[in-house]
Amino acid sequence: MAEVAPSPIPPHLVHTVFQYLLPPSLPLPPHLLSQPLAERHYHLSISPDDTASYLCWPSSETSKVVHALEFATPTESVEPEHDVRYTAPDMETLLAHVQPNPKSPLQIIFSWDEGKGSWKYHDARLMPFPASSTPSLEEALAQRPSTESRSGSPFSDNYWDGYDSDSSQKASNAPDIITEDEDKAEAAYWASYSAVQGSGDSTVPSPKPLTNERSTHHGYSDSLGARGPETTFDPFVANLHLKLQRANNDYLTPQYQYSDRSHSPQPEEQHEEPAKVTDVYDSEDFSPQGVKLLGPSGEGMICTPAGCSIVGYSDRKETIQDTTKQDEEGLKETVRGLYRMWKASSGLDDTTAFIS
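Reading the sequence shown from the start, the letters are residues 1 to 356 in full-length UniProt numbering.
Structure representation (structure tokens):
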């Protein structure tokens, strides 16, 4: 879209804007506001109730301008031969300073909108006009800074064109020559980072880290190795453990609870590090001292190959029914039978080995 050349400000526009400024003042229509002033209202959330911020840009004379507008009489009007001066502070700004009548202490400032091709209200100040103002629009345009005067700036095109000079092109076009010795030296430099180095204050290199060669088969991990030596998985022992669990579920009622492990009888011989067969023995259903079973009335019971004992149950023996005693005797016989089967198959006489 071609830009419209600036034209002198029309008198009817000055008269219209001045009527909005006289008391009682009304908000200026958006199409009469300059773009910078409209953006100021938007970003600062300025309402027409704040007359000083709404009509004027911040300055030391803002309060005096508002006072002059409040005491202006509605009979004041813009004379046809009102005084107008133009200024061009920079390449993008063209201002028109209008004194409505010779008696008015105010000057209304309009800004030229190149996109709309019209004048917009921009500010209000006290008289007199700026010293650099001129009554002729052509003279103000002639005084506007030209594009050539800005070319001397360090940010001009010539400044950036210096990077495209012949010297930079020659430097960029120069081939990269890398000798064989430089290639070997670079490879040795990066290889040095792979070597094991000592500390900063020592000339002795640090030892290489030991390789962890622990076996992790059959669920045996490094974390378990600290608790006991590695052993071979025995399917018979695992099957025995499952049978004990099934016997526990078949012979006892569900309301029984486990007893505290601290009350369990301790075996005569204690091994410092019992052999770990598999992780299945870490569960709460199996104890190295015996097989934990549930007793009646919520009491716990510990069963070993030597026999069974009910923990904390001595004071309630009279309440045990005959059927419960028969179940317990049957369970004891089951455990003894399993122990005999294990002893016959393994050829070991050590009871502790059967339990652990």
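Yeah, the Cβ is synthetic: ideal placement off N, Cα and C, and Gly gets one too. Predicted model only: the values in this text are computed from it and were never measured.
Item: 7 angstroms CB neighbourhood of Arg144 in its chain, flanking five on each side removed; Value: Ala88 and Met91
Item: Beta-carbon proximity of Glu70 to Pro130, cut-off 8 angstroms; Value: no
Item: Exposure label - His12; buried when at least 16 CB within 10 Å; Value: exposed
Item: Cα-Cα separation, Ile9 to Ser118; Value: 8 angstroms
Item: Run of the alpha helix (DSSP H) containing Ser53, from where it starts to where it stops; Value: Thr51 to Leu55
Item: Outcome for Ala140 when other beta-carbon atoms lying within 10 angstroms are tallied against a minimum of 16; Value: buried
Item: Below-8 angstroms beta-carbon distance, Gly115 vs any chain D residue; Value: Going by chain labels, chain D is absent from the structure shown, which holds only one protein chain.
Item: Cα-Cα separation, Asn239 to Ala191; Value: 55 angstroms
Item: Expected contact under 8 angstroms - CB spacing of Ala52 and Pro105 to nearest Å; Value: About 16 angstroms; that fails the 8 angstroms criterion.
Item: CA-to-CA distance, Tyr189 to Leu44, given in whole angstroms; Value: 60 angstroms
Item: Selection from Pro36, Glu3, Ala187 and Asp49 that minimises the alpha carbon distance to Pro27; Value: Asp49
Item: C-alpha gap between Lys325 and Arg336, whole angstroms; Value: 17 angstroms
Item: Three-state class that DSSP yields for Val98 in the structure shown; Value: strand
Item: Separation of Asp123 from Val66, as counted between CA atoms; Value: 12 angstroms
Item: Through-space distance from Gln107 to Met127, alpha-carbon basis; Value: 6 angstroms
Item: Status (buried if at least 16 other CB within 10 Å, exposed otherwise) for Tyr86; Value: buried
Item: Nearest-angstrom Cα separation, counted from Ile46 out to Arg40; Value: 8 angstroms
Item: Through-space distance from Leu244 to Met341, alpha-carbon basis; Value: 13 angstroms
Item: Reduced DSSP secondary structure (H/G/I, E/B, other) of His12; Value: helix
Item: C-alpha gap between Phe110 and Ala72, whole angstroms; Value: 20 angstroms
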